[in-house]
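Protein chains in written order, with my numbering: chain A, 3 to 290; chain B, 3 to 389.
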């Protein structure tokens, strides 16, 4: 072990200490949950881009993933269930230099908040949306959600879920997102690179991370430990950049198609368009 | 039509206008510095959104027509944390959709303004006809305990003035403030005089005067209102709808809940006398009082005038502030008059409050209509019956 690593361990400090709020750790996440490492990766990616921390805001809704905003030491907003996106849109409009990151779960963003996602992508709002998809409602005890797959057993699907699941990259791409990627929680390096790309992107960027939820998902689906879920991902993941988002639907035993699916340059954002309206209206004022 | 106004001060169209209540409210918001409108079309409020869409870009503001009222209300909260004074406008069904996030605004102490141009309900009800049926929704619509501020204009001039006042209350006390208009007022045209910029008071939230490491975002001053740092100020604020301590951190226990919820109620209760606006008309020697608000108060005043012509000692108490409710004033009135007559376009929402506050000391009589305003003669007939 390198001397500096040893010193760091003995000091009980963490390299990311300043980026997490003092007095908020230990977090609420269960053993084996991937949200801790995803939190870590978000901070690393923000640092790598080199944003002025004052210009970063993190917004989330309700649920386990929604709690991430509250651990991060940036301006952070923990809103109501499903409503993080329109809050984030307004926050981004008020300062075009501000980077607004939405981090929330699949139920929050795609069930109760689904309509906002659709319209934010359509408007090309200048925000990044990160969805940690753990296939169920973890915080409320393990009910099925819009990304649950056929046959999945949860408290509200005791005989197995029998609806089609939402293919999130397909939805995002169809609605107009300029950046769409999916990774599993195992791909931390790729997640980080992808977050960096998404954060730098002007316009609506979307990254789905397949997360591990051993407590309320895994336990009922023969994947009762975090590492079992990650192993399941590893065994069934197919890396396929530029895959047609239509083809990235998730089934019980995979394949979990990951990669970057959409990356579009120079599409005017909602903020660009609103500023253009200001110019047009003020020009007509001067004429009259 | 609004005139073109002074191009040097495009947010304040100082001068005389002939315009609608809906447009006057929008102009009041612009005059006090509103820079963001998020809304969704709904009759009979849509003219406010349309007018803001026309006017906001010209004063470097932004207008966003959101996908629904849920987005509209949370959108204006987000805009305020980004530093823009913000508002939305809707009617009963839209307000129903907004109430959850009005609660978030109460809990996170976010200044903003919601206009509700009332129509008849429940449900889709009477989209194009008047109602005063959202009185209780503005008080009790969102879950949990909080003290809202709700203002209720009766004429076009007052639509402008109360829009200014609503923003100022929102900023001073840090909460969403609702203006309860109604279809008649929203769509009727009258003279509006917009004063000079120097005559329009603009209140802004207190800012923290300590460095970030010492700032506690939910630590109140003596007035029970905490100074507000916003996104980008460098304070790394944490804002949550969960019960939170002075740092803004979620702390889910009895003590924190007790302290926080008591404070967000007390900051209004203890300043009630400064918030309550009433119009008293011919009440000094009155034996019969008409208690009214909104459009109906116009007919009520006409009825009081006619009653006086007939030698009946009638007077008018008009509620400009609906919430917090003027309990003490009404209780005092109960000791003076034989009857309090309450004409309203609903089945007795304010009447019930008047009964509550008068403790049986006087005769309280509601006069209820649906989908239409009372005419002065109807109210006069009731006054005459009370003699």
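For glycine and all other residues, C-beta sits at the position ideal for the given N, C-alpha and C.
- Neighbours of residue 93(A) across chain B, judged by C-beta separation under 9 Å: 80, 81, 83, 84 and 233.
- The shortest CA-to-CA distance from residue 124(B) to any of 182(B), 70(B) and 98(B) is the one to 98(B).
- Put simply, the CB of residue 106(B) is near chain A, with a gap under 7 Å to one of its CB atoms.
- Note on geometry: alpha-carbon atoms of residue 102(B) and residue 84(B) lie some 21 Å from one another.
- Secondary structure note for residue 307(B): its alpha helix (DSSP H) is the uninterrupted segment 298-311.
- The DSSP-derived three-state label of residue 247(B) is coil.
- Take residue 139(A), set aside five residues on each side of it, and the residues of its chain with a beta-carbon closer than 6 Å to its own are 109, 145 and 147, in chain order.
- Interface flag for residue 101(A) against chain B is unset, since no Cβ pair is found closer than 7 Å.
- Between residue 269(B) and residue 287(B), the CB-CB gap reaches or exceeds 7 Å.
- Rounded to whole angstroms, the separation of the alpha carbons of residue 257(B) and residue 53(A) is 38 Å.
- Within a 10 Å sphere around the beta-carbon of residue 185(A) sit 16 or more other beta-carbons, which makes this residue buried.
- Here the alpha carbons of residue 50(B) and residue 223(A) stand approximately 53 Å from one another.
- Distance check between residue 31(B) and each of 179(B), 297(B), 211(B) and 291(B) places 179(B) closest, using alpha-carbon atoms only.
- Rounded to whole angstroms, the gap between the alpha carbons of residue 43(A) and residue 151(A) is 27 Å.
- Runs of the beta strand (DSSP E) spanning 3 or more residues and lying entirely within the region 125-204 of chain A occur at 130-135 and 181-186, in chain order.
- Checking the DSSP bridge columns, you'll see residue 196(B) partnered with 17(B).
- Here residue 39(B) is near residue 89(B), since their CB atoms are less than 7 Å apart.
- Taking 7 Å as the cut-off between beta carbons, the residues of the region 110-129 of chain A near chain B are 117, 118 and 121, in sequence order.
- Contact with chain A is absent for residue 265(B), since none of that chain's Cβ atoms lies less than 7 Å from the residue's Cβ.
- Around the C-beta of residue 126(B), fewer than 16 other C-beta atoms lie within 10 Å, and the residue is accordingly described as exposed.
- Among the residues of the region 238-267 of chain B, those with a Cβ less than 8 Å away from any Cβ of chain A are 238, 239, 240, 241, 242, 243, 244, 249, 251 and 252, in the order of the chain.
- The beta-bridge partner set that DSSP reports for residue 346(B) consists of 370(B).
- Here residue 62(A) is near residue 71(A), since their CB atoms are less than 7 Å apart.
- For residue 376(B), not one C-beta of chain A is nearer than 7 Å to its own C-beta.
- In this structure, DSSP gives residue 41(A) a helical state, which the three-state scheme calls helix.
- DSSP lists 318(B) as the beta-bridge partner residues of residue 283(B).
- Scanning the region 4-71 of chain A for uninterrupted alpha helix (DSSP H) segments of 4 residues or longer gives 5-12 and 37-51, listed from N- to C-terminal end.
- Taking a Cβ-Cβ cut-off of 9 Å, the neighbours of residue 60(B) in chain A comprise 280, 283, 284, 286 and 287, given in sequence order.
- Using a Cβ distance threshold of 7 Å, residue 301(B) and residue 319(B) do not count as a contacting pair.
- For residue 208(A), the nearest beta carbon of chain B is not closer than 7 Å to its own beta carbon.
- Contacts with chain A at 7 Å (Cβ-Cβ) include residue 69(B).
- Not one beta carbon of chain B lies nearer than 7 Å to the beta carbon of residue 73(A).
- Contact annotation for residue 38(B) against chain A: 92, 95 and 96 [CB-CB distance below 9 Å, chain order].
- Between the alpha carbons of residue 15(B) and residue 229(B) lies a gap of roughly 31 Å.
- For residue 64(B), the beta-bridge partners assigned by DSSP are 38(B).
- For a Cβ distance threshold of 7 Å, residue set 95 and 276 of chain A lies close to residue 64(B), ordered along the chain.
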